[in-house]
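Asks: The listed protein sequences correspond, in order, to chains A and B. Residues are numbered in this note's numbering as their position in the first sequence, beginning at 1, plus a constant of 13. Residues are numbered in this note's numbering as their position in the second sequence, beginning at 1, plus a constant of 129.
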Amino acid sequence: TQLLEQSPQFLSIQEGENLTVYCNSSSVFSSLQWYRQEPGEGPVLLVTVVTGGEVKKLKRLTFQFGDARKDSSLHITAAQPGDTGLYLCAGAGDKIIFGKGTRLHILP
Amino acid sequence: NAGVTQTPKFQVLKTGQSMTLQCAQDMNHNSMYWYRQDPGMGLRLIYYSASEGTTDKGEVPNGYNVSRLNKREFSLRLESAAPSQTSVYFCASRRGVDSPLHFGNGTRLTVT
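(1) Within the region 21 to 96 of chain A, note down every full beta strand (DSSP E) run reaching 3 residues or more, in order along the chain.
(2) Tell me lysine 143(B)'s beta-bridge partners as DSSP assigns them.
(3) Heavy atom of the ligand GTP less than 6 Å from the Cβ of serine 209(B), yes or no?
(4) Identify, in the order they occur along the chain, each residue of the same chain with its Cβ nearer than 6 Å to the Cβ of leucine 172(B), setting aside the five sequence neighbours on each side.
(5) Please report the Cβ distance between valine 60(A) and phenylalanine 76(A), rounded to the nearest whole angstrom; I am assuming they are in contact, meaning their Cβ atoms lie under 8 Å.
(6) Is there a C-beta anywhere in chain A that falls below 7 Å from the one on aspartate 155(B)?
(7) Taking the Cβ atom as the reference point for each residue, do glutamine 50(A) and leucine 120(A) lie within a distance shorter than 7 Å?
(8) Grab me the residues of valine 240(B)'s own chain with a C-beta within less than 7 Å of its C-beta, minus the 5 sequence neighbours each way, in chain order.
(9) State the start and end residues of the unbroken beta strand (DSSP E) segment that holds valine 217(B).
(10) Are the C-beta atoms of glycine 123(A) and some chain B residue less than 7 Å apart?
(11) Using the rule of at least 16 other Cβ atoms within 10 Å of the residue's Cβ for burial, across every protein chain shown, is leucine 16(A) buried or exposed?
(12) Who are leucine 174(B)'s beta bridge partners in DSSP?
(13) So the beta strand (DSSP E) asparagine 194(B) belongs to, where does it begin and stop?
(14) Do you know how far the Cα of glutamate 28(A) is from the Cα of glycine 182(B)?
(15) Using a Cβ-Cβ cut-off of 6 Å (strictly less than) and excluding sequence neighbours within five positions of serine 196(B), which residues of its own chain qualify?
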């Protein structure tokens with residue numbers, strides 16, 4: 014069974030601080046996806062990382078895929094209240110398996 | 130463009146009752162998925178359909194059945210609801226293996 018471990022589960026920080034969320038697995042994935050979910054809605058894709066060692070930037074968000082394609086991280090620079098939400102990593106294949114998520118709260 | 134549409138949005142059932150959750154997508158996607166989301170558990174895959182005419186079990190299939198009615202529609206049936214099936218259910222679809230999932234807005238189900 015493929016498992017994705019996300020850490021931390023909860024994070025509450027002040028506006029302007031930096032943070033990193035981690036997604037780790039013992040399995041190799043063909044690609045890994047990061048989603049963000051707002052209350053009352055389904056998750057929405059932020060990024061897909063495919064190549065080991067890949068780094069992708071989306072404004073203040075930086076996503077890395079580990080060299081062995083088993084782990085990934087999401088780094089947010091200068092967090093803003095609009096970044097508040099549930100962040101989910103997912104390993105892609107025939108099935109898409111999700112981690113338990115990181116609930117992020119940015120305090121103004 | 131509606132994307133993925135789920136009905137109903139809310140449902141309350143008594144233990145032992147049955148119901149079908151409906152899902153339809155208008156993006157001509159090949160694969161469709163049913164997930165449940167519980168507090169602290171993330172999204173867990175119930176069943177999926179990689180293509181029209183096929184269905185496979187996910188991580189938590191017990192107590193559920195699915196039907197891929199055609200390329201657009203994928204329904205989830207609870208034959209005899211139990212309180213442990215109280216959850217938010219999400220349907221999703223995607224074009225291919227490394228494509229992103231597109232989600233509906235969920236069905237909030239309570240079983241008393």
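Ideal Cβ positions, reconstructed from N, Cα and C, are used throughout, including at glycine. Only a predicted model underlies this, so the values are computations on that prediction, with no experimental measurement involved.
Replies: Well, looking at it:
(1) 23 to 27, 32 to 37, 44 to 50, 57 to 62, 68 to 71, 74 to 78 and 84 to 89
(2) Looking at the DSSP assignment, lysine 143(B) forms no beta bridge with any residue, so it has no partner.
(3) Ligands in the displayed structure: none, and consequently the ligand GTP is not present.
(4) Tyr164 and Gln166
(5) 5 Å
(6) no
(7) no
(8) Leu142, Thr144, Ala210, Ala211, Pro212, Gln214 and Thr215
(9) 216 to 223
(10) With chain A running from 14 to 121 in the structure shown, residue 123(A) is simply not present.
(11) exposed
(12) Tyr164(B)
(13) 193 to 197
(14) 49 Å
(15) Ser204
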